[in-house]
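I have placed the structure first, in the form of structure tokens, so that the comments after it can refer back to it.
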Amino acid sequence: MPTEFSRKDTKVSKSSKVFQVKTGNQVFTSPGDIAEAFNNHFTNIGQSLAQEIPCADIDVLAYVNPVDGVFCFQWINIHKSHQIT
Numbered sequence: 171m172p173t174e175f176s177r178k179d180t181k182v183s184k185s186s187k188v189f190q191v192k193t194g195n196q197v198f199t200s201p202g203d204i205a206e207a208f209n210n211h212f213t214n215i216g217q218s219l220a221q222e223i224p225c226a227d228i229d230v231l232a233y234v235n236p237v238d239g240v241f242c243f244q245w246i247n248i249h250k251s252h253q254i255t
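Start counting the sequence shown at 171; every next residue gets the next number (the working numbering).
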């Protein structure tokens, strides 16, 4: 559902006050309703965009390059960790 935001000023600035938000056929003008409209938009936009991406039949391992190196973790005590910082 597209969302439109309108401002009273037309100049571009780093911050602008939003006086009205339109979502679908609803227009919100109170600060609480505008905040809720923004929250709903940013809460749902990820899932909405993800639904528009076609599924791919590619193995995710095709994107991983093999690594020749090896690493391992070693236990350290708290005194050694304080010496590092």
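Think of the CB as a built atom: it goes at the ideal place given N, C-alpha and C, for glycine as much as any other residue.
Annotation: the continuous beta strand (DSSP E) that includes Thr193 extends over 190-193. Three or more beta-carbon pairs separated by less than 8 angstroms link the stretch 202-219 to the stretch 184-192, which places the two stretches in contact. In the structure shown, the three-state DSSP call for Val230 is helix. For Gln196, the enclosing beta strand (DSSP E) has its first and last residue at 196-198. Ile228 and Phe208 have their C-alpha atoms some 35 angstroms from each other.
When the Cα atoms are used, Leu219 and Tyr233 turn out to be separated by approximately 22 angstroms. Here the C-alpha atom of Gln196 lies approximately 60 angstroms from the C-alpha atom of Asn247.
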